[in-house]
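Report on the structure given below.
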Amino acid sequence: MGKAIVITSGKGGVGKTTSSANIGIALAMMGKRVCLIDLDIGLRNLDVVLGLDNRVMYDIVDVADGRAKLVQALVKDKRFDDLLYLLPAAQNTDKNAVNQEQVKDIVDELKPDFDYVFIDCPAGIEQGFINAVSGADGAIVVTTPEISAVRDADRVIGLLEQHPLKESPNLIINRIRTSLMQDDSYMDIDEITTHLGINLLGVILDDDKVISTSNIGKSIVMDPDNPTAQGYRNVARRLEGETVPLMNINNSVKKEGFWNKLTHLFSHKK
Amino acid sequence: MQSAVLKGTQSGYEVILNESSSLEQINIDLKNLLNRLSESNLKKSEDIKLNIRIGNRLFSQEQKNTIMENINSYHGLSVGHFMSNVLTKEDAEAKFKQKYIEPMSKTIRNGQEVNIDGDVLFFGNVHEGGKLFASGNIYNMGNIKGIVQAGYPDNEDKLIIGNLHNAQQVRVGEQYDIVSDNPINNKESTVVYVNDLHLLSYGKINELKEINPKFFNRIGGII
Ligand SMILES: Nc1ncnc2c1ncn2[C@@H]1O[C@H](COP(=O)(O)OP(=O)(O)OP(=O)(O)O)[C@@H](O)[C@H]1O
Ligand SMILES: [Mg+2]
Numbered sequence: 050m051g052k053a054i055v056i057t058s059g060k061g062g063v064g065k066t067t068s069s070a071n072i073g074i075a076l077a078m079m080g081k082r083v084c085l086i087d088l089d090i091g092l093r094n095l096d097v098v099l100g101l102d103n104r105v106m107y108d109i110v111d112v113a114d115g116r117a118k119l120v121q122a123l124v125k126d127k128r129f130d131d132l133l134y135l136l137p138a139a140q141n142t143d144k145n146a147v148n149q150e151q152v153k154d155i156v157d158e159l160k161p162d163f164d165y166v167f168i169d170c171p172a173g174i175e176q177g178f179i180n181a182v183s184g185a186d187g188a189i190v191v192t193t194p195e196i197s198a199v200r201d202a203d204r205v206i207g208l209l210e211q212h213p214l215k216e217s218p219n220l221i222i223n224r225i226r227t228s229l230m231q232d233d234s235y236m237d238i239d240e241i242t243t244h245l246g247i248n249l250l251g252v253i254l255d256d257d258k259v260i261s262t263s264n265i266g267k268s269i270v271m272d273p274d275n276p277t278a279q280g281y282r283n284v285a286r287r288l289e290g291e292t293v294p295l296m297n298i299n300n301s302v303k304k305e306g307f308w309n310k311l312t313h314l315f316s317h318k319k
Numbered sequence: 149m150q151s152a153v154l155k156g157t158q159s160g161y162e163v164i165l166n167e168s169s170s171l172e173q174i175n176i177d178l179k180n181l182l183n184r185l186s187e188s189n190l191k192k193s194e195d196i197k198l199n200i201r202i203g204n205r206l207f208s209q210e211q212k213n214t215i216m217e218n219i220n221s222y223h224g225l226s227v228g229h230f231m232s233n234v235l236t237k238e239d240a241e242a243k244f245k246q247k248y249i250e251p252m253s254k255t256i257r258n259g260q261e262v263n264i265d266g267d268v269l270f271f272g273n274v275h276e277g278g279k280l281f282a283s284g285n286i287y288n289m290g291n292i293k294g295i296v297q298a299g300y301p302d303n304e305d306k307l308i309i310g311n312l313h314n315a316q317q318v319r320v321g322e323q324y325d326i327v328s329d330n331p332i333n334n335k336e337s338t339v340v341y342v343n344d345l346h347l348l349s350y351g352k353i354n355e356l357k358e359i360n361p362k363f364f365n366r367i368g369g370i371i
């Protein structure tokens, strides 16, 4: 029996969808069977990030309303044998098109067939959030180091604590840039972790390649040398129970900077 | 056995009501007792207050009223207090609360609100956007970055004591301050209170005696 994990944040645009895709792929690369559920109904984009958008036939609302069977709606990611599937969101309806029980039923039906079911939650704390949480065994709360994102993460953790899931929530801090840590409106990793008081599952660097790869339906996590990709792979290993030390942010960023400077130097010489 | 018995004490007269007698019986016996009393050597001019001991039971206000009417109908007699050996659970809890300080170690997150009936000794965290409200005093040993209110909703006699310079708002009763507009520069313990002009004010612990003499006295300070 697999585990269902909701990926949530409160604040929008902090990297829930990116994290869902990259963690899911990292686990599939480790041989795990993973299903990603896009619950951001009305704004689906997990399919685009995975490069599966032109394969979508049915969506979660079709399944909830009985127009399609669950297996018909699942989209297989061919890059990973039989390991990675997506249950797409509907685009033409809103978040109230499904209810808590329907989501829970779908998640419960998927769990026996997969090692992990990730639920990509919409931003906010309204119906969409309630739906996403209802079938989950655990939660990953994503934040960036921005104060407003941390505040919203705090709000969401409070809600999760009031209606506890089987497992206590984990934290991912996304889009870390060492140059920002000096800025007053950003908090550092230690500050965020002690403030929020939940287990830190991983830290992910800010990297333009995250955007450029996802635009072409590729995912950064498949890049073997990239430190941001390494961050996602570390999260996957920790979910599998491995003890992986936190990446040394300063080193990996400095190294990047060093190589950047070097390329800069070469291009100047030309 | 009589259900109502008169007894003289140092502090005046008491009527002792048998706790297993019915109210009807009590009122009948009380009438007999009072008839005899008014015939006896009591001076007509002297007003007498009778305290009523009712033993291990409680009377409702209506039940008390029947006894009071009965006694008031005699010239010069009235009821002092009803004295019972027992308390309702509600009253007992209220009495207990008066003395009790609730210890609390909790993280109150953004958007959460915790309400305490009485005083609180706080060891937890109030995050930005979190609210800690107490009808009594707040003694803070924790980390407050959100909103705290003592004397919730409108009691201005209460205090907030502790390190508060990181709070967003401090409130006592209906008075409040936005801390960033009015920084609490002091990193040691602050006493927040409402002064005679109904303004929120700040003092130090060693000034408690002047700030709130009643409170200071109650907690054993010598004025
Ligand atoms: N580590 C990162 N480095 C650089 N860009 C990132 C990173 N993580 C996410 N992004 C970019 O930030 C944007 C928002 O990310 P994403 O869509 O994953 O957020 P979300 O939380 O799912 O948003 P929404 O609340 O709208 O669903 C995207 O353009 C994404 O490519
Ligand atoms: Mg998203």
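If you're matching them up, the sequences are chains A and B in order.
So the first sequence is residues 50 to 319, counted in the numbering used here.
So the second sequence is residues 149 to 371, counted in the numbering used here.
We put the beta carbon where it would ideally sit given N, CA and C, even for glycine.
- The beta-carbon distance between residue 53 of chain A and residue 118 of chain A, rounded to whole angstroms, is 20 angstroms. This is too long to meet the 8 angstroms contact definition.
- By the CB criterion at 7 angstroms, residue 204 of chain A and residue 258 of chain B fall inside the cutoff.
- Residue 183 of chain A sits in a helix when the DSSP states are folded into three classes.
- The three-state reading of DSSP puts residue 279 of chain B in strand, counting E and B together.
- According to the DSSP assignment, residue 251 of chain B belongs to the beta strand (DSSP E) that extends over 249-252.
- Not flagged as an interface residue toward chain B: residue 239 of chain A, since no C-beta distance is shorter than 7 angstroms.
- Taking the Cα positions, residue 222 of chain B is about 55 angstroms away from residue 349 of chain B.
- Judged by DSSP secondary structure, residue 110 of chain A falls within the alpha helix (DSSP H) whose first and last residues are 109-113.
- Going by DSSP, residue 219 of chain A is part of the beta strand (DSSP E) stretching over 219-225.
- Residue contact check for residue 96 of chain A against chain B: no CB pair falls below 7 angstroms.
- With its beta carbon at least 7 angstroms from every one in chain B, residue 224 of chain A lies outside the interface.
- Closer than 6 angstroms to some heavy atom of ligand 2: that does not describe the Cβ of residue 215 of chain A.
- Bounds of the alpha helix (DSSP H) holding residue 363 of chain B are 361-366.
- Within chain A, no C-beta atom comes less than 9 angstroms from the C-beta of residue 261 of chain B; the nearest is roughly 10 angstroms away.
- One Cα belongs to residue 93 of chain A, the other to residue 255 of chain B, and the distance between them is close to 35 angstroms.
- Remark: the shortest separation between the CB of residue 67 of chain A and any heavy atom of ligand 1 falls under 6 angstroms.
- The continuous beta strand (DSSP E) containing residue 53 of chain A extends over residues 52-57.
- Residues of the region 168-186 of chain A with a Cβ closer than 8 angstroms to any Cβ of chain B: none.
- For the pair of segments examined, the region 59-70 of chain A was found to touch the region 164-183 of chain A: the number of CB pairs separated by less than 8 angstroms reaches three.
- In the three-state reduction of the DSSP assignment, residue 126 of chain A falls in the coil class, being assigned neither a helical nor a strand state.
- Separation of residue 166 of chain A and residue 65 of chain A (C-alpha to C-alpha, rounded to the nearest whole angstrom) is 14 angstroms.
- The beta carbon of residue 366 of chain B does not come within 7 angstroms of any beta carbon belonging to chain A, so the residue lies off that interface.
- Exclusion of the five residues before and after residue 108 of chain A leaves 122, 137, 138 and 139 as the residues of its chain whose Cβ lies within less than 7 angstroms of its Cβ.
- Remark: C-beta atoms of residue 191 of chain A and residue 206 of chain A do not approach each other more closely than 7 angstroms.
- Here residue 142 of chain A carries a coil assignment [DSSP, helix/strand/coil].
- Residue 207 of chain A has a beta carbon lying within less than 7 angstroms of a beta carbon in chain B.
- In this structure residue 157 of chain B is exposed. Its beta-carbon is surrounded by fewer than 16 other beta-carbon atoms within 10 angstroms.
- A straight line joining the alpha-carbon of residue 282 of chain A with that of residue 75 of chain A spans about 5 angstroms.
- For the set A:222, A:177 and A:83, the Cα lying nearest the Cα of residue 129 of chain A is the one of A:83.
- Judged by DSSP in its simplified three-state form, residue 296 of chain A adopts coil rather than helix or strand.
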